[in-house]
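First comes the structure, then the notes that go with it.
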Amino acid sequence: MKIAPSLSRLASAALLAAGCFSFTSCGTTKTTARNGNGTSINYDPPALRAQNPGAVSVKISTGAQRLYVMEGSRVLLATPCTVGKAGSVTPPGNHRVTAKTFKRRSMSYGSYPLPYWVEFRPGYGIHWGFLKAYPCTHGCVRVPKKAAPKIFALVSYGTPISVASSQPLDATVGAKLPTLDDTSLPNPPDSYMMTDAVFQDAQYKGNLFVD
């Protein structure tokens, strides 16, 4: 898997949600409104249900760090994301979803959790993880906690995924999305990371779709 051990901070969002930490005790930690800047923990992008699941595709902009789930020209979901850094970039080109696994763990970096894993190339996938305002992953695409289950539900095996330095929607829909940066959030203990509590806390509470 293309994720480093130092990125164990991704599961601290689960700790926060589970009450192991609290936002009020985090000092510099910021929550975020739907259209504001801050951390990704409470960011909950609206998602539309696909009328024709076979027409769904995913567009990823590595330059703008934006991910769009589309049904033809209709935007079903748009969210900030974090992509691969220099030397371990998110693979550009046209791909397809080859695997979907809710309970996924890294096989290369200490069995760290990768909830809502959507693989589009061996070792590369979309998953819930902490976001930064700059590319920093080992090639995977990290998305906010509440965006990950919606993307997971919208895509299927074979769904096309386009990865490019820019996407046409960057100038319109993408420009209205907030900047999310989870750098200030605390790291959780490995004892938590190695349990299924991470995945239990990652489950979305409520309705995935607004329609």
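In this note's numbering, each number is its position in the sequence shown, counted from 1, plus 1. For each residue, glycine too, the CB sits at the ideal point set by N, CA and C. All values derive from a computational prediction rather than experimental measurement.
Counting C-beta pairs with one atom in each stretch, the segment 147 to 157 and the segment 68 to 78 have three or more that are closer than 8 Å, which means they touch. The continuous alpha helix (DSSP H) containing Met-194 extends over residues 191 to 194. The beta carbon of Pro-54 is closer than 7 Å to those of Ser-157 in its chain, skipping five residues each way along the sequence. Taking each of Ser-185, Thr-102, Val-199 and Val-164 in turn and checking the Cα distance to Ala-134, the smallest one comes out for Ser-185. When rounded, the separation of the alpha-carbon atoms in Thr-91 and Val-164 is 8 Å.
When C-alpha distances from Gly-159 are compared across Val-57, Tyr-205 and Gly-64, the shortest belongs to Val-57. Pro-123 and Met-108 have their C-alpha atoms roughly 12 Å apart. Positions of the beta strand (DSSP E) runs, each at least 3 residues long and wholly inside the segment 145 to 201, are given as 161 to 165 in order along the chain. Shown here for Lys-146: same chain residues with a beta carbon closer than 7 Å to its own, the five before and five after excluded, namely Ala-14, Ser-41, Ile-42, Trp-129 and Ala-203 in chain order. The Cβ-Cβ distance between Val-144 and Ile-162 does not fall below 8 Å. About 19 Å separates the beta carbons of Ser-62 and Asp-183, which is beyond the 8 Å limit, so they are not a contact pair. Here the C-alpha atom of Pro-114 lies approximately 14 Å from the C-alpha atom of Thr-138. Annotated three-state conformation of Pro-54 is helix, per DSSP. Rounded to whole angstroms, Arg-97 and Cys-141 show a C-alpha spacing of 14 Å.
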